[in-house]
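So the structure is just underneath, and the comments pick up after that.
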Amino acid sequence: MKKEIHLKKLRKAMKKVQDNGRFEHTVGVEYTAAALAMRYGCDIQKAQTAGLLHDCAKCLSDDKRLSICKKNHIPVTELEGRNPFLLHAKVGSYLAREKYGIKDRDILMAIQSHTTGRKNMSLLEKIVFVADYIEPGRKHAPNLSEIRKLAFLDLDKAMLRILEDTLGYLKNSNGDIDPMTEETWRYYYGGGALHEK
Ligand code: DGI
Ligand code: FE
Ligand code: FE
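See below:
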């Protein structure tokens, strides 16, 4: 399919399944991911596609997310069972493949890892993770202007700041911390890929 048509179709599909605020955020992530892809030499269309689809399961009910997992044998951890909104990443990746026809594994992983991150993320995964946090419509995160600038200077450092602020926020608000979020932080705190053998 022609690139522009493919993106247009996905945008239309997201408008249908998301409320107005979420759709605005989605388009913000699409174009922020594109800008980061230009900066870091990643495929721009893949960044747009992953940005557009990253929250495709965000506007479903928790029951629906849980039932999609059950039906399709997607493992749900105890912590995810208590916080089913976290499943919008895994379920989003599943829907991207099954409902929106995405076959590219990197795009599917970028959707899956966009909330907690993971160790050893690809460039595209980091771009979507960071774009999700800094897109122009985000207003409430601390240190946003600093992190926005950092994102275009050093992507790994931006990842680390976002993880630190997210963990800080979760600790302050007594949020359940997914071991994956902590593991991702530890990994990037230790220098990320620099320490990979
Ligand atoms: O879906 P979005 O709101 O655009 O962004 P997101 O998918 O990154 O989700 C953001 C929320 O996820 C934010 O409130 C922090 C939360 N989050 C990230 N890691 C964890 C977490 N929440 C819990 N309970 N545990 C985590 O480890
Ligand atoms: Fe999300
Ligand atoms: Fe998002």
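For the sequence shown, the positions run 900 to 1096 when our numbering is used. Each residue gets a CB set at the ideal place from its N, CA and C atoms; glycine is no exception.
The three-state secondary structure of Arg921, taken from DSSP, is helix. Ranked by Cα distance from Arg1047, the first of Ala934, Lys915, Asp1005 and Arg996 is Ala934.
One Cα belongs to Lys963, the other to Leu1049, and the distance between them is close to 37 Å. DSSP places Asp942 outside both helix and strand once states are collapsed to three, so it counts as coil.
Near ligand 2, meaning a Cβ closer than 7 Å to any of its heavy atoms, lie the following residues in chain order: His953, Asp954, Lys957, His987, Ala988, His1013, Thr1014 and Asp1031. Listed in chain order, the non-local C-beta contacts of Asp918 below 8 Å within the same chain comprise Cys958, local neighbours out to five positions each way being set aside. With at least 16 other beta carbons inside 10 angstroms of its own, Ser1012 counts as buried. Within the same chain, Cβ atoms closer than 7 Å to the Cβ of Leu1022 are found at Tyr939 and Cys941, the five residues on either side in sequence being excluded.
The beta-carbon separation of Pro1041 and Gly927, rounded to 19 Å, does not stay under the 8 Å limit for a contact.
When only Cα atoms are considered, Asp961 and His987 end up about 9 Å apart. Of Gly1091, Asp1075, Tyr1088 and Arg1085, the smallest CA-CA separation from Thr976 is found for Asp1075. With 16 or more other CB atoms across the displayed protein chains lying within 10 angstroms of its CB, Tyr1086 is buried.
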